[in-house]
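Protein chains in written order, with the numbering used here: chain A, 1 to 426; chain B, 1001 to 1208; chain C, 2001 to 2312.
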């Protein structure tokens, strides 16, 4: 079965062209192409399939919140062809057995590729290094290791982990949160927290860890990836580390590019997330950092939660927001509509760079003949209203319910096979 | 309830029959002049002294706001006529109203019981206008919570008729027959800059 | 329209004065005229939903509701389904099914009353939530200040102690600034929140400098466990720098009053001689609490619509 995408704009640039997909690859790019099936792509932007470095699929353990099946379907609907599944499941993905299980579930679901992230420490407890090499050598081919949800706060352990993964070209993705500075923390520490009487999560708790880890990475020549950067100070530190030539990359979530901590005044836990929403000046700095390349990519930190974990008091609620199905639209709103990024740059920040950081073969490739047909077709001029009830994710904790967002994913192709057509599961 | 108070126009659908609850004094016509108001108060003071055997044991309790003012005037006249100082106070009935659930809660007025108390006394309740009788009923409830008077009487400056309860006044300054489409406005210098009783068109509200 | 009292910021100046005036009339009725029970809220049900122990506040609300003839249900978290894992939302829906007209909630999480207000049809009254607010405490404090000083506008009010963790401080700052008082917070820097400069008040670390200018000194409770978290080194040092002792009281103006929301730690933030002295309003605050809570219940529940508070 071959598909032809008619009159699409590659990266949103140049003249409309037809793109023919066959045998899982881009067979031809030109005009007047034909195939078994066709999509009228007039006015649509063709991007390489999006790659998420930071997804919580919750399986195994919290299948009531999300499964690999529902999470990867949500990913496909959001334009993703590959996601990195975080390790904080139950059991924790800290052995070859668990990461292979998650990887196989992804294969069976077939909506997008699932690249499991391995835990850095056994049980995420921050005490003993997990068997990182076994996970790297497993069928899941793990390259990204993270205790996400928890910080690898022990400096010695962090140093050893960054050193150790050099043997198989791995990267440590750090959840930068100094634990003693954030005991009981509920939201960004600042004016809003002082008024709401919620314990503060100060920017310094993130920045102190980032500073330490950047210097460690420079010292040992290891690879550091900083998860969900949320403060202006963090952007500065990463800029500094890159200037030094250290191998440091960073991601920002869509929500930190758009939302601010004053939303907590509703005490609606849908706005509770870790790291917390920050201030408008942080949002501006993150946008600039993403635009100038200091922050390498956008990662969703898609964190589905069951209803009872969100319909509660703020303090009792679990932190996190869903994000796979809204990520591209939020980036369009925060970065494209504001003129900070072109669609060409969106392809880089949401596909090419995360695929490179995760060492994912076949993803984030150029839109050229012979390349794998992992693609995402976007209508940049469409708008849509976010309705949590109609989303594919099993959870409802989107902070955008009722919002009208720009840009819509029309179709997603995984190795030439449509996973999404006309904005719906294919 | 007495005239001069406002209520939301239209009232509550399906509630008590529509009653005149307020009106615009500017559109009203005088029925009692200042001199006539003064004469009415004087006559009530005389009657009160007569009917209470010289006013011993009497306590005057006005229902705020204008009832309190009239009670004070009655006390001054009694003192002028007989040299008798009658204990006077005020009795707010807001918390005892039977139409509380129909409106938003209103600010409370003062309740001031004379130091002598009311136990064993002859309490004369004083109000400006007697209409449905519901205010007086609420006042009787309030009084029961304050103590046990020997007897209770009622003095009003204007009786406009249309009673909804078996209540009558012992002392009436002036009977003014009215229609339900009319509103009575009692004006007193202390509150309104002049003494007068006016009759004008009413806006309709829920029964009160 | 249903309304709630969730934050002292919900009250406009007129609202706040209406509460204080109403409380004054109610105090007159219940104290001087010895009316023990008013029929005003007959047939209405008030639920006291206390997730934290607070006999003082719960009793005050209970007495206030009962004096207005409301039916009162005391629902404490201990021994109830709440301690068996029932969520606040489920509890709210249960209370709703019982037909409650108002819920008075005390909760250890900031914002829980705001959440509750989204789930129940009746009015919600915040009786203290976490380290956020305690609006009826602020109202009774303002009432007490007005009783002693005859006014609130222009009063210099000094609030001393653990501001960071104090719901009493937050509500008082908001209410007193609405009512035109000048509030100064005094605490060690560790116990002032980051962001306090955005509050409508002043703050300082120097108690001795502000005492001679104060009309009201409000001492906040300081929990000993804060010491373990390194907010201050020892109770002795805290007491020396921020406690209201006999010497400091001598620097006050003649008519200055000393307040404490209770429960107090004698010898820590306040010396026993000061707590029991003539300037102390601590007993009045307790008595005034009932009148103020009666006023709040009457104004929220007494009619078809609430007269004060946050719109739904």
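Glycine included, every Cβ here is placed at the ideal spot set by N, Cα and C. Predicted, not measured: the structure shown is a model, and the values here were computed from it.
#### Entry: Interface residues of chain C facing residue 1111 (chain B) [CB-CB closer than 8 Å]
Here the neighbours are 2025, 2028, 2029, 2033.
### Query
Do we get a CB-CB distance below 8 Å when we pair residue 316 (chain A) with the residues of chain E?
This model lacks chain E altogether; the protein chains it does include are A, B and C.
### Task
Please name the residue, chosen from A:423, A:413, A:249, that lies closest to residue 427 (chain A) on a Cα-to-Cα basis.
Residue 427 (chain A) falls outside the range modelled here, since chain A spans only 1 to 426, and no answer is possible.
#### Entry: 6 Å Cβ shell around residue 2289 (chain C) - same chain, five flanking residues per side excluded
2060, 2140
### Residues that DSSP places opposite residue 2102 (chain C) in a beta bridge
C:2046, C:2123
### Message
Looking at residue 1184 (chain B): is its Cβ nearer than 8 Å to the Cβ of residue 1129 (chain B)?
### Response
yes
### Task
Closer than 7 Å by C-beta to residue 285 (chain A): which residues in its own chain qualify, once you throw out the five before and the five after it? Chain order, please.
232, 235
### Residues of the region 179-201 of chain A with Cβ closer than 9 Å to any Cβ of chain C, in chain order
183, 186, 189, 190, 191, 192, 193, 194, 195, 196, 197, 198, 199, 200
### Message
Taking CB distances under 8 Å as the criterion, tell me whether residue 234 (chain A) reaches chain C.
### Response
Between residue 234 (chain A) and chain C, the shortest Cβ-Cβ separation is not below 8 Å.
### Query
Residues bridged to residue 26 (chain A) by DSSP?
Looking at the DSSP assignment, residue 26 (chain A) forms a beta bridge with A:21.
### Task
With DSSP collapsed to three states, give me the class of residue 2133 (chain C).
strand
### Query
Would the beta-carbon of residue 4 (chain A) fall within 8 Å of that of residue 34 (chain A)?
yes
#### Entry: Complete runs of the alpha helix (DSSP H) confined to the region 239-313 of chain A [at least 4 residues]
280-292, 307-310
#### Entry: Neighbour flag for residue 2086 (chain C) against chain B, beta carbons, 8 Å
no
### Task
Using beta-carbon positions only, say whether residue 360 (chain A) and residue 82 (chain A) come within less than 8 Å of one another.
yes
### Query
Whose Cβ in chain B lies nearer than 7 Å to the Cβ of residue 2022 (chain C)?
Residue 2022 (chain C) reaches chain B at 1107, 1108, counting residues in chain order whose Cβ is nearer than 7 Å.
### Message
For the region 1129-1163 of chain B, list every residue whose C-beta sits within 9 Å of some C-beta in chain C, in sequence order.
### Response
1141, 1142, 1145, 1146, 1147
### Task
Could you please tell me which residues of the region 2121-2143 of chain C, in chain order, have their CB closer than 9 Å to any CB of chain A?
Within the region 2121-2143 of chain C, the qualifying residues are 2129, 2130, 2131, 2132, 2133.
#### Entry: Spatial distance of residue 1025 (chain B) from residue 1196 (chain B) (CA atoms)
11 Å
### Task
Note down, in chain order, every chain B residue with its Cβ under 8 Å from the Cβ of residue 2205 (chain C).
By Cβ distance, chain B contributes nothing, its closest Cβ being about 42 Å from residue 2205 (chain C), past 8 Å.
### Query
Are three or more beta carbon pairs between the region 1098-1107 of chain B and the region 1052-1064 of chain B nearer than 8 Å?
no
### Query
Per DSSP, what kind of secondary structure is residue 1064 (chain B) in: helix, strand or coil?
coil
### Query
Alpha carbon to alpha carbon, what distance is there between residue 169 (chain A) and residue 322 (chain A)?
30 Å
### Message
Using 8 Å as the cut-off, can you tell me whether the region 252-270 of chain A makes contact with the region 334-352 of chain A, which would need three or more C-beta pairs spanning the two stretches below that distance?
### Response
yes
### Task
With 8 Å as the threshold, decide whether the Cβ of residue 2271 (chain C) is near any Cβ in chain B.
The beta carbon of residue 2271 (chain C) sits no closer than 8 Å to any beta carbon of chain B.
### Message
Any beta carbon of chain B sitting closer than 8 Å to that of residue 2347 (chain C)?
### Response
This structure does not reach residue 2347 (chain C), given that chain C is present from 2001 up to 2312, and the question cannot be answered.
#### Entry: Residues of the region 251-271 of chain A with Cβ closer than 7 Å to any Cβ of chain C, in chain order
So the list reads 267, given in the order they occur along the chain.
### Query
Rounded to whole angstroms, how far is the Cβ of residue 1150 (chain B) from the Cβ of residue 1121 (chain B), which I believe are closer than 8 Å?
Confirmed, about 6 Å.
### Message
Run through the DSSP bridge pairs and tell me what residue 1089 (chain B) is partnered with.
### Response
Note: residue 1089 (chain B) is bridge-paired with B:1061 in the DSSP secondary-structure output.
#### Entry: Between the CA atoms of residue 248 (chain A) and residue 2261 (chain C) - distance to the nearest angstrom
53 Å
### Beta-carbon proximity check, residue 2303 (chain C) vs residue 2004 (chain C), cutoff 8 Å
The Cβ atoms of residue 2303 (chain C) and residue 2004 (chain C) do not sit closer than 8 Å to each other.
### Message
For residue 2287 (chain C) and residue 1164 (chain B), I'd like the C-alpha separation in whole angstroms.
### Response
Going from the Cα of residue 2287 (chain C) to the Cα of residue 1164 (chain B) covers about 40 Å.
### Task
Could you name the residues of the same chain whose beta carbon sits closer than 6 Å to that of residue 76 (chain A), not counting the 5 residues immediately before and after it, in chain order?
Cβ within range, chain order: 111, 112, 412, 419, 420.
### Query
What are the uninterrupted segments assigned as beta strand (DSSP E) that are 3 or more residues long and contained completely in the region 1096-1141 of chain B, given in chain order?
1122-1130
#### Entry: Amino acids of chain A, ordered along the chain, whose beta-carbon sits closer than 8 Å to that of residue 2171 (chain C)
Neighbours of residue 2171 (chain C) on chain A: none; closest Cβ ~10 Å, over 8 Å.
### Task
State yes or no: is the C-beta of residue 382 (chain A) within less than 8 Å of the C-beta of residue 408 (chain A)?
yes
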